[in-house]
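Enquirer: Protein chains in written order, with the UniProt record's numbering: chain A, 1 to 330; chain B, 1 to 344. Got a structure here, written out as structure tokens. Questions coming.
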Ligand SMILES: Cc1ncc(COP(=O)(O)O)c(C=O)c1O
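So, in structure tokens, the structure goes:
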């Protein structure tokens, strides 16, 4: 629980005092959530004989949202930016979820501070929603498990990215709000050069869901298997191949105009492949951060991207753990 | 985390191949009965979408492992199965099929064109006409056959990641074309080496007598997409049998003769490309061949012990050249027509 307070002259320490609304004292919940840079894999997967839409988000530790929740004694919820209707819905649902707690207030105000670009497929909406859910929970003194956050997020925005599982690599059913598989605890060390391939943004929900044929669904199964191995063994090249294949399969639905040019450019500079936002416009050139030549490759690629009229909009580095699970022999 | 769970039925267990390391860059993909993969996939899908009802009779023409796989799956689905076969169907297989409840119809003679295979197709048409409520899996043209091999590509992708070359026997084309197409979504440059036998029409030989069964064909299957293959090898029966025994002696892998042919080509390819991860498809186990390939007397009487295994294939410049013991041709992912047009 994170309680932040402005020092007040009151004689009783703020953390011992019950929640109260008095002049000069404010007590609120605050929490953050990261953005992502599109997906490593997105498609339809056969799980226990059923077909499920699911994705593996590429979390972006360098961008995100911080949400602040301030309680009110009067009922009702509002957001300082009234256009953020999903945020209001997320706060209401979380309040509902935690209604029984003695700390539950009558109402509140949510404030969002975010540095995530909107409408390019970097998960600005999910970052706002998840930060809000966590901030409301934080005020209540509750810590919600990721699958509860996932359920509330999907209820608030109909489809969510998997960033609530930020310390893991997961296959997440983004419309059902269900974790399908934990692929590992971290990605291999990657440097991803991000750029925006489209001028106009995409509304995730307005964009119709891709209708994959049976061949494509079968292919997603193969990509999922390869991704398991790539994460378990820290294989950047294989990870890049999975992401590239997923990006190509998505071209039928939301084409990135220069995808093949980007793939060629990336591979020529020793990169692993290209990942995209499957319901957005950003694309990322993936490089193995352990390769001795990576700084030159990143620099040369940046120059070449600029020559193509594409600015590098963000540079993402995965946070990695030192210990990997052993690979099981078949 | 994954835990071991029971298989729902025997075919689900037996269809899973094992990836086995044979050398630093050569892996065996060892199936007990590869044809369970298309048989199970095709029949279960047809049940799921209503093409096979409670009283539907499954009918197919086969003398080989596809029939056995269908019989195993049909028994689990509690459906009747009629198989149309050659008169020469091996007795042990026949007993196993009938024990599984299949009705085996043997054709009497060969057709004027297309041999026994055409005679079987003619009889199959009659069987279908007699039973209005029937379902025919049609392994040679059903696109579910190649598609079912996504399972194999999944296993290879998880076990090996990048696969640089797949070597496998070709009969219907389903296993090689399906597996390689799925692998290429991940690794577009994955090399496909098809293994056929002389006097099979698959890659342009004139039809003729073939000793080696299980691969090759007298008719052109629709499921064979020639553009899959970077190169094609033709192996004689004797070569396949000797290589089958070598595979057993060296690696304790007890497999059938099409596995031996694939092994021979794959170990040559892997040695010539030491940095390439190479996979040999080994489609069935050796139990059906104990009295033949695994019997030294049978091999000697058939003249199969000579000549000894050559070190390398003889490259041919004409895909229609049906001579030799082990020949190879740079197919280069072309259609059969394109290959023929160049030869002319
Ligand atoms: C033992 C054996 N090997 C290889 C094959 C060839 O496989 P496919 O039909 O998928 O080309 C068959 C096909 O029947 C077979 O029975």
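All C-beta atoms, glycine included, are put in the ideal place defined by N, C-alpha and C.
Can you give the beta carbon distance from residue 286 of chain A to residue 272 of chain A, rounded, assuming they're within the 8 Å contact cut?
Expert: Here the question's residue 286 of chain A lines up with position 286 in the first chain. Here the question's residue 272 of chain A lines up with position 272 in the first chain. Contact flag correct, Cβ pair sits at about 4 Å.
Enquirer: Residue 254 of chain B to residue 36 of chain B, Cα distance in whole Å?
Expert: As a working mapping, residue 254 of chain B is identified with position 254 in the second chain. As a working mapping, residue 36 of chain B is identified with position 36 in the second chain. Spanning the two alpha carbons is a distance of roughly 18 Å.
Enquirer: Which value, in whole angstroms, describes the spacing of the CA atoms of residue 143 of chain B and residue 214 of chain A?
Expert: Within the second chain, numbered from 1, the residue matching residue 143 of chain B stands at position 143. Within the first chain, numbered from 1, the residue matching residue 214 of chain A stands at position 214. If I take the Cα positions, the gap works out to 11 Å.
Enquirer: Can you tell me whether residue 169 of chain B sits near ligand 1, meaning its C-beta is under 6 Å from at least one heavy atom of the ligand?
Expert: As a first step, residue 169 of chain B is located in the second chain; it is residue number 169 there, counting from the start. Yes, the Cβ of residue 169 of chain B comes within 6 Å of a heavy atom of ligand 1.
Enquirer: For residue 182 of chain B, decide whether its Cβ has a neighbour in chain A, counting only Cβ atoms nearer than 7 Å.
Expert: Taking the first residue of the second chain as 1, we reach residue 182 of chain B at position 182. Yes, because at least one Cβ of chain A sits closer than 7 Å to the Cβ of residue 182 of chain B.
Enquirer: Is residue 177 of chain B close to chain A? Criterion is C-beta to C-beta, closer than 7 Å.
Expert: Translated into positions along the second chain, residue 177 of chain B becomes position 177. Output row for residue 177 of chain B: interface = no.
Enquirer: Considering only heavy atoms of ligand 1, does any lie closer than 6 Å to the CB of residue 256 of chain B?
Expert: As a first step, residue 256 of chain B is located in the second chain; it is residue number 256 there, counting from the start. Flag set: Cβ of residue 256 of chain B near ligand 1.
Enquirer: Quick check: the Cα distance between residue 22 of chain A and residue 144 of chain A, rounded to an integer number of angstroms?
Expert: Here residue 22 of chain A refers to the residue found at position 22 when the first chain is read from its first residue. Here residue 144 of chain A refers to the residue found at position 144 when the first chain is read from its first residue. Its pLDDT being 38, under 50, residue 22 of chain A is placed unreliably by the model, and the measurement read from it follows with that caveat. Rounded to whole angstroms, residue 22 of chain A and residue 144 of chain A show a C-alpha spacing of 28 Å.
Enquirer: Consider the Cβ of residue 167 of chain A: report whether some Cβ of chain B lies at a distance smaller than 7 Å.
Expert: Translated into the one-based positions of the first chain, residue 167 of chain A becomes position 167. No, because no Cβ of chain B sits closer than 7 Å to the Cβ of residue 167 of chain A.
Enquirer: According to the Cβ coordinates, are residue 228 of chain B and residue 177 of chain B closer than 7 Å?
Expert: Mapped onto the second chain, residue 228 of chain B falls at position 228. Mapped onto the second chain, residue 177 of chain B falls at position 177. In contact: residue 228 of chain B and residue 177 of chain B (Cβ atoms closer than 7 Å).
Enquirer: What three-state label does DSSP hand residue 355 of chain A in the structure shown?
Expert: Given a span of 1 to 330 for chain A in the structure shown, any question on residue 355 of chain A remains unanswerable.
Enquirer: Which residues mark the beginning and the end of the alpha helix (DSSP H) in which residue 259 of chain B is found?
Expert: Translated into the one-based positions of the second chain, residue 259 of chain B becomes position 259. Looking at the DSSP string, the run of the alpha helix (DSSP H) that includes residue 259 of chain B is 257-272.
Enquirer: Residue 70 of chain B by DSSP, collapsed to three states: which one?
Expert: Start at 1 with the first residue of the second chain, and residue 70 of chain B comes out as number 70. In this structure, residue 70 of chain B counts as helix in the three-state DSSP scheme.
Enquirer: Cα separation between residue 229 of chain A and residue 113 of chain A?
Expert: Sequence index remark: in the first chain, residue 229 of chain A carries index 229 (1-based). Sequence index remark: in the first chain, residue 113 of chain A carries index 113 (1-based). When rounded, the distance between both Cα atoms is 37 Å.
Enquirer: On a Cα-Cα basis, can you pick out the residue from A:275, A:231 and A:56 that is closest to residue 44 of chain A?
Expert: Here residue 44 of chain A is taken as the residue at index 44 of the first chain, counted from 1. Measuring from the Cα of residue 44 of chain A, the nearest candidate turns out to be A:56.
Enquirer: Mapping the DSSP letters down to three states, classify residue 178 of chain A as helix, strand or coil.
Expert: Residue numbering aside, residue 178 of chain A sits at position 178 when the first chain is read from its first letter. Strand, per DSSP.
Enquirer: DSSP three-state call for residue 134 of chain B: helix, strand or coil?
Expert: Taking the first residue of the second chain as position 1, residue 134 of chain B is located at position 134. Here residue 134 of chain B sits in strand by DSSP.
Enquirer: Residue 35 of chain A bridges to which residues according to DSSP?
Expert: On the first chain, position 35 is the one that residue 35 of chain A refers to. Per the DSSP secondary-structure output, residue 35 of chain A pairs in a beta bridge with A:60.
Enquirer: Given residue 117 of chain B, which residues of its chain have a CB within under 7 Å of its CB, disregarding the five upstream and five downstream residues?
Expert: Position 117 of the second chain, counting from 1, holds the residue named residue 117 of chain B. Correct list, in chain order: 218 and 219.
Enquirer: For the region 183-203 of chain B, which residues have a beta carbon sitting closer than 7 Å to at least one beta carbon of chain A?
Expert: Sequence-ordered contacts of the region 183-203 of chain B with chain A read 185, 186 and 187 [C-beta pairs closer than 7 Å].
Enquirer: Going by C-alpha distance, which of A:129, A:35, A:27 and A:265 is nearest residue 79 of chain A?
Expert: Translated into the one-based positions of the first chain, residue 79 of chain A becomes position 79. Nearest option by C-alpha distance: A:129.
Enquirer: Quickly, what does DSSP pair residue 191 of chain A with across the bridge? List them, please.
Expert: Counted from its first residue, the first chain places residue 191 of chain A at position 191. Answer by DSSP bridge pairing, in chain order: A:287 and A:317.
Enquirer: For residue 226 of chain A, go through chain B and note every residue whose CB falls closer than 8 Å to its CB, in chain order.
Expert: Taking the first chain and counting its residues from 1, the one referred to as residue 226 of chain A is at position 226. Within 8 Å Cβ-Cβ: 157, 158, 161 and 186.
Enquirer: For the alpha helix (DSSP H) that contains residue 116 of chain A, what are its first and last residues?
Expert: Your numbering for residue 116 of chain A matches position 116 in the first chain. No alpha helix (DSSP H) contains residue 116 of chain A, which DSSP labels as neither H nor E.
Enquirer: I'd like to know if residue 154 of chain B contacts chain A, where contact means its C-beta is closer than 7 Å to some C-beta of that chain.
Expert: The sequence position of residue 154 of chain B within the second chain is 154, counting from 1. Answer yes: the Cβ-Cβ gap between residue 154 of chain B and chain A drops below 7 Å somewhere.
Enquirer: Would you call the CB atoms of residue 172 of chain A and residue 146 of chain A closer than 7 Å?
Expert: If you number the first chain from 1, residue 172 of chain A lands on position 172. If you number the first chain from 1, residue 146 of chain A lands on position 146. Their beta carbons are not under 7 Å apart, which means residue 172 of chain A does not touch residue 146 of chain A by this criterion.
Enquirer: So what's residue 52 of chain A in DSSP terms, helix, strand or just coil?
Expert: Here residue 52 of chain A refers to the residue found at position 52 of the first chain. Three-state DSSP puts residue 52 of chain A in a strand.
Enquirer: When we look at the beta-carbon of residue 65 of chain B and count the other beta-carbons within 10 Å, is it buried (16 or more) or exposed?
Expert: As a working note, residue 65 of chain B is residue 65 in the second chain. By the neighbour-count definition (other C-beta atoms within 10 Å, threshold 16), residue 65 of chain B is a buried residue.
Enquirer: When you compare only the Cα positions, how much space is there between residue 118 of chain A and residue 90 of chain A?
Expert: As a working mapping, residue 118 of chain A is identified with position 118 in the first chain. As a working mapping, residue 90 of chain A is identified with position 90 in the first chain. Cα to Cα, residue 118 of chain A sits roughly 18 Å from residue 90 of chain A.
Enquirer: Excluding the five sequence neighbours on either side, which residues of its own chain have a C-beta within less than 7 Å of the C-beta of residue 219 of chain A, listed in chain order?
Expert: Your numbering for residue 219 of chain A matches position 219 in the first chain. Cβ within range, chain order: 249.
Enquirer: Going along chain A in order, which residues have a C-beta closer than 8 Å to the C-beta of residue 150 of chain B?
Expert: Your numbering for residue 150 of chain B matches position 150 in the second chain. In chain order: 218, 219, 221 and 222.
Enquirer: Using a beta-carbon distance below 7 Å, is residue 22 of chain A in contact with chain B?
Expert: Position 22 of the first chain holds residue 22 of chain A. Low confidence applies here, because residue 22 of chain A scores a pLDDT of 38, under 50, leaving its location unreliable and the question unanswered by this model.
Enquirer: From residue 321 of chain B to residue 114 of chain B, what distance separates their C-alpha atoms?
Expert: Counting from 1 along the second chain, the entry for residue 321 of chain B is found at position 321. Counting from 1 along the second chain, the entry for residue 114 of chain B is found at position 114. Cα-Cα distance, rounded: 20 Å.
Enquirer: Tell me the DSSP secondary structure of residue 68 of chain A in three-state form.
Expert: Against the first chain, residue 68 of chain A aligns to sequence position 68. Three-state result, residue 68 of chain A: strand.
Enquirer: Beta-carbon of residue 238 of chain A versus every beta-carbon of chain B: anything under 7 Å?
Expert: In the first chain, the residue the question calls residue 238 of chain A occupies position 238. Chain B contact via Cβ: present.
Enquirer: Thinking C-alpha only, which one of B:166, B:333, B:301 and B:273 is nearest residue 230 of chain B?
Expert: Within the second chain, the letter at position 230 stands for residue 230 of chain B. Among B:166, B:333, B:301 and B:273, the Cα nearest to that of residue 230 of chain B belongs to B:333.
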